[in-house]
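Position in the sequence shown (from 1) plus 296 gives the number in the numbering used here. All C-beta atoms in this analysis are idealised placements derived from N, C-alpha and C, irrespective of residue type, glycine included. What follows is a single structure, written as structure tokens, with notes after it.
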Amino acid sequence: MNIDAFLERISERNLSLPAMRESTTGRAPEKVDALFHLPLLALAVMVIARRKPFRTTVMGSNVALLLTEHFTALKHTPHALETSLTLRRRCADALAFLEAAGLVVVSPDRLRTVTLSSEGKSNLDRATRDATDLGLLVRQLKVTQDRVIARIGDER
297 MNIDAFLERI SERNLSLPAM RESTTGRAPE KVDALFHLPL LALAVMVIAR
347 RKPFRTTVMG SNVALLLTEH FTALKHTPHA LETSLTLRRR CADALAFLEA
397 AGLVVVSPDR LRTVTLSSEG KSNLDRATRD ATDLGLLVRQ LKVTQDRVIA
447 RIGDER
């Protein structure tokens, strides 16, 4: 069928599609897919690990806390993002990328502690001093991580 003819038929009949309601309570992670891009998640993991090494079991919730604190649109859905399987899977992909690139080291013991490597520290520090959008984002994520620690403590 010709799309132009189809659109004309719809407009002649005064048909319309119902508008979708914006809801921040249900399945927020699927609605904010941009947050699940590997570079953003990798930066979040590096910023968190730069401050203090953490166990892989809390990686998803740590990243979710950082993202919900940083992006104000997510303030209404912190629990939904923290329990998102999509976020956890993509964080695992970001961690695998960082480990393959030699930017983080995951301990081989049962604790599976994520530590920033010396190369990762130097790259993150260089990005922090950068005068581009990347540098601004990294600096903002560091400030946000400090706010998260001040708000919930450093127990994770």
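Pick from 360, 343, 379, 301 that is closest to residue 434, judged by C-alpha positions: For this step, residue 434 is matched to residue 138 along the sequence shown. Cα-wise, what sits closest to residue 434 is 343.
Proximity below 8 Å, CB of residue 381 to CB of residue 360: As a first step, residue 381 is located in the sequence shown; it is residue number 85 there, counting from the start. As a first step, residue 360 is located in the sequence shown; it is residue number 64 there, counting from the start. Result no, Cβ atoms of residue 381 and residue 360 do not sit closer than 8 Å.
Where the beta strand (DSSP E) containing residue 411 begins and where it ends: For the purposes of this step, residue 411 is identified with residue 115 of the sequence shown, where counting begins at 1. Residue 411 -> beta strand (DSSP E) spans 409 to 412.
Between the CA atoms of residue 428 and residue 348 - distance to the nearest angstrom: One-based indexing of the sequence shown puts residue 348 at position 52. One-based indexing of the sequence shown puts residue 428 at position 132. So the two alpha carbons sit approximately 26 Å from each other.
Presumed contact (8 Å Cβ cut-off) between residue 345 and residue 444, rounded CB distance: Here residue 345 corresponds to residue number 49 of the sequence shown, with the count starting at 1. Here residue 444 corresponds to residue number 148 of the sequence shown, with the count starting at 1. Not really, about 14 Å apart at Cβ, beyond 8 Å.
The region 412 to 423 in contact with the region 392 to 403 per 3-pair CB rule at 8 Å: Contact holds: three or more Cβ-Cβ distances are below 8 Å.
Contact set for residue 386: own chain, Cβ-Cβ below 6 Å, skip 5 residues either direction: Translated into the one-based positions of the sequence shown, residue 386 becomes position 90. Non-local C-beta neighbours of residue 386 in its own chain, meaning closer than 6 Å and more than five positions away in sequence, comprise 332, 337, ordered along the chain.
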